[in-house]
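Asker:
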Ligand code: ADP
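In the working numbering, the protein residues as written are 4 to 379.
Printed below as a string of structure tokens:
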């Protein structure tokens, strides 16, 4: 069957009228960011923020108008409130290497009410354990007595439902804000909760931005000491734009020993310094192998690459996490090790890194009394 064309979709959308404006949504210029990928269609309908909550029927009608076209397999329409871009004030000093400097994101424009500080976890490429690290870092922060949320900003490949073993859809008691999901005491929001797993991730550009903004600002995060944002892998423009959308207090870069040499770590750093976000440090993941039987340590990947690279770049080396089947299994089964085996040396590593990260973003070193968490 021939691929449906943008023109056909626009023609179909001309049948959908904005009830409050009395004209169709195409003539009103409300449709943007259209993507067509093998019969899967996505687009955004731009509306004024205050109208968003009452325009769900319009969004549905738009999807239905396109669904019936021949050659269309799926349709995803999202309402986007025209992002009022909130550039960082130019006068703000760049704490490129943030050696414990204080920085209060609540003073920045675009801060998320109730959320004291936001830290991103980034990587040069996929598969280095970024999401595993983000999850365990969040749990380490929590184990240190903090109230923690996790925002999975990987719109195309969300990992948090799997990492934290949580499924289902967030509810919205007031019809305006979503209640985040909860797992191991963390509040969690991920595209994986909003879009069924088999839905192709065809969102692009403006749609991704609005999804991120919605997960950040249209979720009832409550009071959080820290939000950990799992960024999509890579250090390209897409990641840069995302980093710009979130009022980040700092970023942690995860790398494996062999990848640090391959990725241009400098690029990762540049990405954050460009948007005036301090790089808090580098974590080397899958750093060495600790034999589960004899406890002997083998440096299978010329371990230490990240530490040397961090030194060379003048960035703090935050720690090394070994390659261990226990980390892989717990991570992939949604039973993150820092929560499920707090007595393990790995949990200890993540709590230590978490303490240092917290110290760097807030200047506070004292850990609060850890809450008593019962893990079943
Ligand atoms: P990314 O977010 O960088 O794509 P993930 O966190 O999804 O990476 O990890 C990729 C795979 O590697 C997963 O199967 C995960 O369980 C595994 N993994 C991550 N860190 C470790 C580790 N330290 N030891 C063993 N396996 C790991």
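Positions of the beta carbon are idealized from the N, C-alpha and C atoms, including for glycine.
In this text, all values refer to a predicted model and were calculated from it rather than measured experimentally.
(1) Hey, how far is the Cα of residue 147 from the Cα of residue 287?
(2) Report whether the distance from the Cβ of residue 326 to the nearest heavy atom of the ligand ADP is below 7 Å.
(3) Could you tell me which of 249, 127, 228 and 184 sits nearest to residue 156, measuring between CA atoms?
(4) What are the start and end residues of the beta strand (DSSP E) that includes residue 356?
(5) What residues match up with residue 185 in a beta bridge as DSSP calls it?
(6) Classify residue 346 as buried or exposed, calling it buried when 16 or more other Cβ atoms lie within 10 Å of its own Cβ.
(7) Looking only at its own chain, which residues have a Cβ that is under 8 Å from the Cβ of residue 168, when we skip the five neighbours before and after it?
(8) Suppose you measure from the CA of residue 230 to the CA of residue 179; what does that come to, to the nearest Å?
(9) Just to check, is the beta-carbon of residue 288 closer than 7 Å to a non-hydrogen atom of the ligand ADP?
(10) Going by CA-CA distance only, name the one from 145, 309 and 329 that's closest to residue 261.
(11) Below 8 Å between beta carbons: does that hold for residue 66 and residue 78?
(12) Quick one: give me the first and last residue of the beta strand (DSSP E) that residue 45 is part of.
(13) Tell me whether the beta-carbon of residue 353 lies closer than 8 Å to the beta-carbon of residue 142.
(14) Can you tell me whether residue 48 sits near the ligand ADP, meaning its C-beta is under 7 Å from at least one heavy atom of the ligand?
(15) Are the CB atoms of residue 246 and residue 284 within a distance shorter than 8 Å?
(16) Compute the Euclidean distance between the alpha carbons of residue 151 and residue 357, then round it to the nearest angstrom.
(17) I'd like the list of long-range same chain contacts for residue 139, defined as Cβ closer than 7 Å, with 5 residues on each side in sequence excluded.
(18) From residue 256 to residue 17, what does the alpha carbon distance come to, in whole angstroms?
(19) Expressed to the nearest angstrom, what Euclidean distance is found between the alpha-carbon atoms of residue 127 and residue 47?
(20) Let me know if residue 363 comes out buried or exposed under the rule of 16 or more other beta-carbons within 10 Å of its beta-carbon.
(21) Can you tell me whether residue 244 sits near the ligand ADP, meaning its C-beta is under 7 Å from at least one heavy atom of the ligand?
(22) Leaving aside the five residues before and after residue 31 along the sequence, list all residues of the same chain whose C-beta is less than 7 Å from its C-beta, in chain order.
(23) Out of curiosity, what's the CA-to-CA distance linking residue 7 and residue 19?
(24) Alpha carbon to alpha carbon, what distance is there between residue 298 and residue 70?
(25) So what does DSSP say about residue 3, is it helix, strand or coil?
(26) Round the Cβ separation of residue 75 and residue 44 to the nearest angstrom and send it over; I've been treating them as touching at under 8 Å.
(27) Might you give, ordered along the chain, the residues of its own chain that have their beta carbon closer than 6 Å to the beta carbon of residue 270, omitting 5 neighbours on each side?
(28) Would you say the beta carbon of residue 135 comes nearer than 7 Å to a heavy atom of the ligand ADP?
(29) From the DSSP output, which residues share a beta bridge with residue 300?
(30) Give the secondary structure of residue 223 by DSSP, where H, G and I count as helix, E and B as strand, and everything else as coil.
(31) What is the rounded straight-line gap between the Cα of residue 73 and the Cα of residue 13?
Answerer: Result, derived from the coordinates:
(1) Stepping through the chain shown from its first residue, residue 147 is reached at position 144. Stepping through the chain shown from its first residue, residue 287 is reached at position 284. The alpha-carbon atoms of residue 147 and residue 287 are separated by roughly 21 Å.
(2) Here residue 326 refers to the residue found at position 323 of the chain shown. It does: the Cβ of residue 326 is within 7 Å (strictly closer) of some heavy atom of the ligand ADP.
(3) For the purposes of this step, residue 156 is taken as residue 153 along the chain shown, with counting starting at 1. Comparing Cα positions, the closest option is 249.
(4) Looking up residue 356 in the chain shown gives position 353. Run containing residue 356: none in the beta strand (DSSP E); it sits in the alpha helix (DSSP H), 348-365.
(5) Locating residue 185 in the chain shown gives position 182, counting from the first residue. In the DSSP secondary-structure assignment, residue 185 is bridged to 190.
(6) Indexing the chain shown from 1 puts residue 346 at position 343. Its Cβ having fewer than 16 others within 10 Å, residue 346 is exposed.
(7) As a working note, residue 168 is residue 165 in the chain shown. Cβ within range, chain order: 186, 336, 337 and 338.
(8) Looking up residue 230 in the chain shown gives position 227. Looking up residue 179 in the chain shown gives position 176. Cα-Cα distance, rounded: 21 Å.
(9) Along the chain shown, read from residue 1 onward, the residue named residue 288 stands at position 285. Yes, since a heavy atom of the ligand ADP falls inside the 7 Å radius drawn around the Cβ of residue 288.
(10) Working through the chain shown from its first residue, we reach residue 261 at position 258. The residue with the shortest Cα to Cα distance from residue 261 is 309.
(11) Within the chain shown, numbered from 1, the residue matching residue 66 stands at position 63. Within the chain shown, numbered from 1, the residue matching residue 78 stands at position 75. Taking 8 Å as the Cβ cut-off, residue 66 and residue 78 qualify as a contacting pair.
(12) The sequence position of residue 45 within the chain shown is 42, counting from 1. Boundaries of the beta strand (DSSP E) harbouring residue 45: 43-50, taken from the DSSP string.
(13) Position 350 of the chain shown holds residue 353. Position 139 of the chain shown holds residue 142. A contact, by the Cβ cut-off of 8 Å.
(14) The sequence position of residue 48 within the chain shown is 45, counting from 1. Outside the cutoff, so no.
(15) Residue numbering aside, residue 284 sits at position 281 when the chain shown is read from its first letter. Residue numbering aside, residue 246 sits at position 243 when the chain shown is read from its first letter. Result no, Cβ atoms of residue 284 and residue 246 do not sit closer than 8 Å.
(16) In the chain shown, the residue the question calls residue 151 occupies position 148. In the chain shown, the residue the question calls residue 357 occupies position 354. One Cα belongs to residue 151, the other to residue 357, and the distance between them is close to 11 Å.
(17) The count along the chain shown starts at 1 and reaches residue 139 at position 136. Around residue 139: 339, 340, 341 and 353.
(18) For this step, residue 256 is matched to residue 253 along the chain shown. For this step, residue 17 is matched to residue 14 along the chain shown. About 46 Å.
(19) Start at 1 with the first residue of the chain shown, and residue 127 comes out as number 124. Start at 1 with the first residue of the chain shown, and residue 47 comes out as number 44. C-alpha separation (whole angstroms): 29 Å.
(20) As a working note, residue 363 is residue 360 in the chain shown. Buried, by the Cβ-count rule.
(21) Along the chain shown, read from residue 1 onward, the residue named residue 244 stands at position 241. False, no ligand heavy atom lies under 7 Å from that Cβ.
(22) The residue given as residue 31 occupies position 28 in the chain shown. For residue 31, where only same-chain residues beyond five positions count, the Cβ hits under 7 Å are 21 and 24.
(23) As a working note, residue 7 is residue 4 in the chain shown. As a working note, residue 19 is residue 16 in the chain shown. Between residue 7 and residue 19, the C-alpha separation is close to 18 Å.
(24) Position 67 of the chain shown, counted from the start, is the residue given in the question as residue 70. Position 295 of the chain shown, counted from the start, is the residue given in the question as residue 298. Straight-line Cα distance between these residues: approximately 58 Å.
(25) As shown, the chain starts at 4 and ends at 379. That puts residue 3 outside it, with no answer to give.
(26) Residue mapping note: residue 75 aligns to position 72 of the chain shown, counting from 1. Residue mapping note: residue 44 aligns to position 41 of the chain shown, counting from 1. Right, their Cβ atoms sit about 6 Å apart.
(27) Numbered from 1 along the chain shown, position 267 holds the residue referred to as residue 270. Correct list, in chain order: 238.
(28) Here residue 135 refers to the residue found at position 132 when the chain shown is read from its first residue. The answer is yes for residue 135.
(29) Here the question's residue 300 lines up with position 297 in the chain shown. Note: residue 300 sits in a beta bridge opposite 293.
(30) Counting from one through the chain shown, the residue named residue 223 turns up at place 220. Residue 223 falls in the coil class under three-state DSSP.
(31) Residue mapping note: residue 73 aligns to position 70 of the chain shown, counting from 1. Residue mapping note: residue 13 aligns to position 10 of the chain shown, counting from 1. When only Cα atoms are considered, residue 73 and residue 13 end up about 14 Å apart.
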